[in-house]
Amino acid sequence: MASITIRNLDDETKQALRERAAQNGRSMEQEVRCLLDDAVSSGSGPEQKPRLNPAQDYTETVSISAVDEEFGNYPGAGKSVLLIISGGIAAYKSLDLIRRLRERGVEVRCVMTDAAAQFVTPMAVGAIAGGQVFSDLWDRASEQDIGHIRLSREADLVIVAPATADLMAKMAHGLADDLASAVLLANNRPVLIAPAMNPQMWANPATRRNAALLAADGISFVGPASGEMAESGEAGRGRMAEPLEIVAAVGKLLDDRPRPLAGIRAVVTSGPTHEPIDPVRYIANRSSGKQGHAIARTLAQYGADVTLVSGPVNLPDPDGVETIHVETAREMASAVEAQFPCDLAVMVAAVADWRSAATATEKMKKQDGKGPGSLELVENPDILKMVGHSADRPRLVVGFAAETQNLETNARAKLKRKNADWIIANDVSPEGGVMGGDRNQIAIIDAKTTLKLPDLSKTEVATQIVERIADWFAENTASA
Ligand SMILES: Cc1cc2nc3c(=O)[nH]c(=O)nc-3n(C[C@H](O)[C@H](O)[C@H](O)COP(=O)(O)O)c2cc1C
Numbered sequence: 000m001a002s003i004t005i006r007n008l009d010d011e012t013k014q015a016l017r018e019r020a021a022q023n024g025r026s027m028e029q030e031v032r033c034l035l036d037d038a039v040s041s042g043s044g045p046e047q048k049p050r051l052n053p054a055q056d057y058t059e060t061v062s063i064s065a066v067d068e069e070f071g072n073y074p075g076a077g078k079s080v081l082l083i084i085s086g087g088i089a090a091y092k093s094l095d096l097i098r099r100l101r102e103r104g105v106e107v108r109c110v111m112t113d114a115a116a117q118f119v120t121p122m123a124v125g126a127i128a129g130g131q132v133f134s135d136l137w138d139r140a141s142e143q144d145i146g147h148i149r150l151s152r153e154a155d156l157v158i159v160a161p162a163t164a165d166l167m168a169k170m171a172h173g174l175a176d177d178l179a180s181a182v183l184l185a186n187n188r189p190v191l192i193a194p195a196m197n198p199q200m201w202a203n204p205a206t207r208r209n210a211a212l213l214a215a216d217g218i219s220f221v222g223p224a225s226g227e228m229a230e231s232g233e234a235g236r237g238r239m240a241e242p243l244e245i246v247a248a249v250g251k252l253l254d255d256r257p258r259p260l261a262g263i264r265a266v267v268t269s270g271p272t273h274e275p276i277d278p279v280r281y282i283a284n285r286s287s288g289k290q291g292h293a294i295a296r297t298l299a300q301y302g303a304d305v306t307l308v309s310g311p312v313n314l315p316d317p318d319g320v321e322t323i324h325v326e327t328a329r330e331m332a333s334a335v336e337a338q339f340p341c342d343l344a345v346m347v348a349a350v351a352d353w354r355s356a357a358t359a360t361e362k363m364k365k366q367d368g369k370g371p372g373s374l375e376l377v378e379n380p381d382i383l384k385m386v387g388h389s390a391d392r393p394r395l396v397v398g399f400a401a402e403t404q405n406l407e408t409n410a411r412a413k414l415k416r417k418n419a420d421w422i423i424a425n426d427v428s429p430e431g432g433v434m435g436g437d438r439n440q441i442a443i444i445d446a447k448t449t450l451k452l453p454d455l456s457k458t459e460v461a462t463q464i465v466e467r468i469a470d471w472f473a474e475n476t477a478s479a
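For the sequence shown, counting from 1, position 283 maps to 282 in numbering that gives the first Met the number 0; every step adds exactly one.
Now the structure itself:
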C-alpha cells in the first residue's frame, strides 16, 4: 500500500487532523485514508466530527483493535502457509513449528511425503494443524480440482521443514513424482526451506550444488545449524533450525507492512538498572522492560534501524533489533551516547536515580549486635537530560515519566527540564500494576498538548506511540 505523507497542510488543518486521529485511535495517515474512503463511498465528503480540545481526556472515545499480546503483532498473523514435511528425523520438530505458527495467528496446511509419515503420523500433524493432511498425488477427492496446484496457490508462503537432501535434489532438478515435489514445481509462491540432514549429506558436493541452484532460484533458507545429530551421535552442520528461528524467518518473509520509519536510526532504553552495593546485593526497581522492548520491536516493524539498550530483564531480545545489555545507569548512559548521531531517542528505562557511593568488593557481613550500616548514595547520570541537551541531540527525544502523583504537572516539568520533545507519563502507583504488568495507561505530553489514552496492553501502547512517531517524522521531513 502506498504511504501518504501529511506535510503540506496549514497548521490549523494539521491540528484538526491530529485531534480527529486521536479521537478515533488512528495515526494521522490512517485518518486521512479513512477520510478519503468516506469521501469515495458516500460520494459527498466525510462525515463531520466535532472538534476536540487537545487537553481533553479521550479515554471514552479512543478505540483500538485487539492484537495478540503475547506475540506482539506477528507479521504473519492472518496469513496462510503450506508446510511440506519431508522424511527426516527432525520431522518431530514440525509439530512444534505448526503449534507456534498457529498461536501467532497463521493458518497452516500440511503436505507430508511418504517418508515423513515414517517419522510422525499424519494423524498427529492433522490434529495439531487443525485440518486435513495431504500426502497423495493420486487422491481422487482433492485431485478432481487439481489439488497439487491449488494447495500452493492458496498459501502466502510455502515452507519445507524439514527439507531432506532428497527433496532438495528433486526441487533443484524439477522432479515431480509425488505430491510434495509436484506442489513445489507447480508453485508460484515464495518458498522457505529448513534443511535438516546428516553433516556428511549436507557437505556432499551434490547437496552443495543443489543448495546453490535453489538459492539461485530465489528460494530462502533458514539453517541448517551446527550441533549434535539426533540419530547418529555425529556432530557438524546439518541440524534443522529451531522452530522459533523458522517462525522468525517466516515472519520476515510474510511482512508486507509499510515501513514509514525506514532510514530512521533510533535508540531505545528499557528495563531497570541494577546498582551494586556489594557482589551479591544491588539497588533496583520493579521495571520489567515489557514497555521498552515492545516499543523497540514496534519501531523495527515500522522500518526503523533500532538499537535497544536494555537493563537486566527476563525478556528475549526483540526480533530485528540490535540489543546491548547493560547493568548500571553509567553503563546505560555510555551505551546510549555511543549511538549518537541518531534521529530518535525513546528513553523508557527506569534508570536508578542513585547508586551506592562505594561498592564493596566482598559481601558485606551482618554483625550481631550492631545495627545495619548506613548506605551513602550518590546521584546517577540523568540519561534523558544528557540526550536532550546533547550537541548531537536526536531530532525527536521522547522520555517516560513514571509518577505516583501529580502525573501531568510533574511530566510537564520534566519535559522542560530535560529538553525532551514528548514525555510519556504513566501512573505507576502500585494499585495500577503497571510496573511488571502487561497493561499501561499513558498520556502523551508535548509542549502544547496532552493526549490521554485508555488502559491498553503494552503492545498496543507501543503501537500508539510509534504511529505518532511515524506521523511526526512524516510531517517534519522535508520532501526530496
Ligand atoms: C532413521 C532415518 C533418518 C533419516 N534422516 C534424514 C534426515 O535427517 N535428512 C535427510 O535428508 N534424510 C534423512 N533420511 C533419509 C530420507 O528419509 C530418505 O532420503 C527419504 O527417501 C526422503 O524422502 P522424502 O524426501 O520424500 O521425504 C533418514 C532416513 C532414516 C531411515
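Built from N, CA and C at the ideal position, the CB exists for glycine as well.
Any non-hydrogen atom of ligand 1 within 7 Å of residue i CB
{"i": "residue 87", "result": "yes"}
{"i": "residue 196", "result": "yes"}
{"i": "residue 170", "result": "no"}
{"i": "residue 81", "result": "no"}
{"i": "residue 455", "result": "no"}
{"i": "residue 257", "result": "no"}
{"i": "residue 200", "result": "yes"}
{"i": "residue 307", "result": "no"}
{"i": "residue 473", "result": "no"}
{"i": "residue 383", "result": "no"}
{"i": "residue 165", "result": "yes"}
{"i": "residue 224", "result": "no"}
{"i": "residue 112", "result": "yes"}
Proximity below 8 Å, CB of residue i to CB of residue j
{"i": "residue 151", "j": "residue 185", "result": "yes"}
{"i": "residue 191", "j": "residue 248", "result": "yes"}
{"i": "residue 279", "j": "residue 296", "result": "no"}
{"i": "residue 79", "j": "residue 153", "result": "yes"}
{"i": "residue 209", "j": "residue 240", "result": "no"}
{"i": "residue 200", "j": "residue 164", "result": "yes"}
{"i": "residue 237", "j": "residue 223", "result": "yes"}
{"i": "residue 355", "j": "residue 312", "result": "no"}
{"i": "residue 473", "j": "residue 301", "result": "no"}
{"i": "residue 351", "j": "residue 284", "result": "yes"}
{"i": "residue 103", "j": "residue 126", "result": "no"}
Euclidean distance between Cα positions of residue i and residue j
{"i": "residue 254", "j": "residue 161", "result": "22 Å"}
{"i": "residue 273", "j": "residue 458", "result": "25 Å"}
{"i": "residue 291", "j": "residue 322", "result": "12 Å"}
{"i": "residue 203", "j": "residue 181", "result": "25 Å"}
{"i": "residue 383", "j": "residue 108", "result": "49 Å"}
{"i": "residue 450", "j": "residue 304", "result": "27 Å"}
{"i": "residue 475", "j": "residue 216", "result": "42 Å"}
{"i": "residue 466", "j": "residue 347", "result": "17 Å"}
{"i": "residue 413", "j": "residue 256", "result": "35 Å"}
{"i": "residue 405", "j": "residue 398", "result": "17 Å"}
{"i": "residue 482", "j": "residue 387", "result": "Nothing about residue 482 can be reported from this structure: the residues present for the chain run from 0 to 479 only."}
{"i": "residue 310", "j": "residue 122", "result": "45 Å"}
{"i": "residue 233", "j": "residue 166", "result": "22 Å"}
{"i": "residue 86", "j": "residue 318", "result": "30 Å"}
{"i": "residue 115", "j": "residue 124", "result": "11 Å"}
Nonlocal neighbours in the same chain, by C-beta distance under 7 Å from residue i, ignoring five residues either side
{"i": "residue 266", "result": "306, 308, 335, 338, 341, 344"}
{"i": "residue 471", "result": "395"}
{"i": "residue 91", "result": "118, 119"}
{"i": "residue 56", "result": "Legend: pLDDT at residue 56 = 36, less than 50; position of this residue unreliable, value from coordinates given subsequently. Counting only Cβ-Cβ distances below 7 Å, and skipping sequence neighbours, we find 451."}
{"i": "residue 390", "result": "none"}
Cut-off 8 Å between Cβ atoms - residues of its own chain near residue i, not counting five sequence neighbours on either side
{"i": "residue 42", "result": "Confidence in residue 42 is poor, its pLDDT being 45 and thus under 50, which makes the residue's placement too unreliable to answer from."}
{"i": "residue 219", "result": "189, 190, 191, 192, 248, 252"}
{"i": "residue 110", "result": "81, 82, 83, 84, 132, 133, 134, 150, 178, 179, 182"}
Residue closest to residue i, alpha-carbon to alpha-carbon, out of the options
{"i": "residue 439", "options": "234, 466, 423, 377", "result": "423"}
{"i": "residue 129", "options": "101, 155, 115, 119", "result": "101"}
{"i": "residue 364", "options": "138, 89, 277, 96", "result": "277"}
{"i": "residue 324", "options": "359, 288, 358, 263", "result": "288"}
{"i": "residue 246", "options": "98, 393, 316", "result": "98"}
{"i": "residue 362", "options": "275, 233, 454, 155", "result": "275"}
{"i": "residue 225", "options": "242, 214, 197, 212", "result": "197"}
{"i": "residue 445", "options": "373, 112, 415", "result": "415"}
{"i": "residue 360", "options": "330, 213, 187, 281", "result": "281"}
{"i": "residue 455", "options": "421, 89, 293, 420", "result": "293"}
{"i": "residue 378", "options": "228, 329, 113", "result": "329"}
{"i": "residue 460", "options": "298, 214, 244", "result": "298"}
Residues near residue i in its chain [Cβ-Cβ closer than 6 Å; skip 5 each side]
{"i": "residue 106", "result": "79"}
{"i": "residue 442", "result": "424, 449, 451"}
{"i": "residue 332", "result": "380, 382"}
{"i": "residue 74", "result": "250, 253, 254"}
{"i": "residue 481", "result": "Not covered by the structure: residue 481. The range shown for the chain is 0 to 479."}
{"i": "residue 66", "result": "Residue confidence for residue 66 is low, a pLDDT of 35 falling below 50, so the modelled location carries little weight; the figure read from the coordinates is stated next. Same-chain partners within the cutoff: 72, 458."}
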